Structures are given as C-alpha cells and as structure tokens.
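Going by the numbering used here, the letters in the sequence shown line up with residues 461 to 718, in that order.
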Amino acid sequence: MESGKQIRALREERSMKPSDIERITRNIAEAKGNSDFYISHSTLSDIEAGSIPSIHKLFSLSVALKVNLNDLLSAFGIDLLEPSMPKPEVPSNTLAAPVGPVREPSFRFQLNFDTQVGTDQTTLLRVQSREFAALPPVLRDRFDPTRYRYAFIGSKDDSMADLLPPRSLVEIDTTQKNVDAFAWRTLRERPIYLVWHPQGHTCSWCQVEGKELILIPHPLSQQRVRRFKMPSEANVIGRIINAWLPFDALSAEQQAAS
C-alpha cells in the first residue's frame, strides 16, 4: 500500500477521527514545547494523500496510533532494521566452479514478519513490503496484503484455549467485519474474530448487543467476558480464516485424539 493509505488504514483500524489525532498531537507539542509535533486536520489529510511528514510528525503519529515508529518509517521505504552494509563483491579472479551437475535450488516461499513484536501479548503483524516483489507471479496475484492480515497470539493469551492456543499464527480476512450469528453446531464452527481495543488485540468469539461489542472467551480460558462500546472503545479487525498452531499444541491434540 502507499504510505498515506497505510497511515489512514491504521487510523481507521483504531476507529480514530482526525480530531483525535489533532487532540493527541497538540498535547504532545505542548508537552515538548515544539509546534512541529502538532498535526492539524489539514496536515493529516495531506499525509494520508501521500505527502511526506517531518520526523517530528511521524513521531507524534506513532504515539497517537500506538504503533512502533519503525512501522511508520517502513511505509516510506525506510527500515531501521535493514543491514546497511553492502554485500562483498566477488573478485574477478575467483576459481571456476567445479565441473559436475549443478542442482537447481528448490523453491521456497516465506513471508518475513516484523520481528520487533512482544511475545506475551497478541499482536497484529506487519509483513515487510519488500517481500511482495519477491513472490512468484502466480502467488503475487493471489496474495492481497490489504485484505488479509496476520496476527501472533501472545504466550500469555489463552482467550481461545486449545482452539487457538498461545503462540499460534492466524490469518484475518478484513472484509468480514460484521459479527455473524447463526446456529453453529460445535464450538469450532462459531466464527472467531480479531478485535482491537484500548488494551491491545484479542482473538475471541463476539456478540453484538445494540452498540456494545461483547468479547466471549473459550469456557476453559482464564479470561473474563469483556464489553466495549462500538466504535469508540473497540473495533473488529476481521474474521480468523486460517491458523497455524505451535508444534507442541499439535502434538498434544494428536495424543488426545489417539
């Protein structure tokens, strides 16, 4: 995505209005005694339209949106974690390759996520944008980073117990934001959603009552049922459509089945 679209997506994901950004960044500017940290409504519109903000305003945006500053810098093609040293050049007088059959390397496809994430809490991951160009065309056409997001379930988050155990990786379809209610026959058939709220992100079953979003954990979880006002206190990121469980959880499940 373009830089402006990424920033706007982050803001809308948190159900924040431009006036919220104005208010928070005004407080930052006043605390630091520097108006460069302030982001007005018109300035935010310019940034979301594609203009490049100053480092002061990027810092204020990272605070207001509660994201790592490097996440915002990466939207502009800057990765602080990327090695800056160039690869050594191969001397022209190197020995010729040994004679014999050459084995073609097997194809390997992987997505590299932001490694600067905490492992205790559930975190919405950021796929490195430079990875998209490396995908084969057949996969690049199918992979949609705007629609599909990924999250890591924290090691201390047992909200969905053994259905989505801690340290699982989940795929979220952001087009499925409406909480469905139907006659599911088993717990595994009930849709699970990723929800953003002031305390972070949570995967759980959901129920909507009026303007209230209810987060319902697994019966075996140690978490409690939580209620949030929509959209001021919580926002549904999307529905979980795929999950990769940790190896030890799969082993335990296989032993139970046998």
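The C-beta atom is built at its ideal place from N, Cα and C for all residues, glycine as well. Computed from a predicted structure; not experimentally measured.
Exercise. Nearest to G614 by CA position, among R648, N638, L584, is which residue?
Worked result: The candidate whose alpha carbon is nearest that of G614 is L584.
Exercise. What separation, rounded to the nearest whole angstrom, lies between the Cα atoms of S514 and K465?
Worked result: Cα to Cα, the separation comes out at about 17 Å.
For this session: Keeping to the same chain, check which residues put their C-beta closer than 6 Å to that of N695; ignore five residues upstream and five downstream.
Result: Within the same chain, S475, W656 come within 6 Å of N695 by CB-CB distance, once the 5 residues on both sides are set aside.
Problem set entry | Contact set for H678: own chain, Cβ-Cβ below 7 Å, skip 5 residues either direction | Hits under 7 Å: S619, M620, A621, L623.
Problem set entry | 8 Å contact criterion, which I499 and T485 should meet: CB distance rounded | About 4 Å separates the two Cβ atoms, so the contact holds.
For this session: Note down, one range per segment and in chain order, each beta strand (DSSP E) of at least 3 residues found wholly within the stretch 607-693.
Result: Listed in chain order, they are 608-612, 629-633, 653-657, 660-669, 672-676, 686-689.
Exercise. Looking only at C-alpha atoms, which of L647, G660, Q581, F497 sits nearest to D617?
Worked result: Here the closest residue by C-alpha is Q581.
For this session: Leaving out five residues on either side along the sequence, give the residues of the same chain with a beta carbon under 7 Å from the beta carbon of E482.
Result: These residues qualify, in order along the chain: I499, S500, H501.
Exercise. Pick from P605, T606, P625: whose alpha carbon is nearest that of F612?
Worked result: Looking at P605, T606, P625, the one whose alpha-carbon comes closest to that of F612 is P625.
Exercise. DSSP three-state call for G698: helix, strand or coil?
Worked result: Look at G698 here: in three-state DSSP terms it is strand.
Problem set entry | Chain-order list of residues whose beta-carbon lies under 8 Å from that of I685 (same chain, five-residue window excluded) | Correcting the residue type first, residue 685 is Val in the shown sequence and not Ile. Contacts found: I674, L675, I676, P677.
For this session: Reducing DSSP to helix, strand and coil, say where A535 ends up.
Result: If DSSP states are grouped into helix, strand and coil, A535 belongs with coil.
Problem set entry | Proximity of S463 and A535 at Cβ, strictly below 9 Å | Yes, these two residues count as a Cβ contact at 9 Å.
For this session: Under the assumption that P651 contacts D633 (Cβ atoms under 8 Å), give the Cβ distance between them as a whole number of angstroms.
Result: Between D633 and P651 the Cβ distance is about 10 Å, and since that is not below 8 Å, they are no contact.
For this session: Select from L705, L470, L680, E672 the residue whose C-alpha is nearest the C-alpha of P691.
Result: Minimum Cα distance to P691 is reached at E672.
Exercise. Is F688 buried or exposed, if buried means 16 or more other CB atoms sit within 10 Å of its CB?
Worked result: Under this definition F688 is a buried residue.
Exercise. Cα separation between S644 and G537?
Worked result: The question names Ser, but residue 644 in the sequence shown is Trp. One C-alpha to the other measures close to 45 Å.
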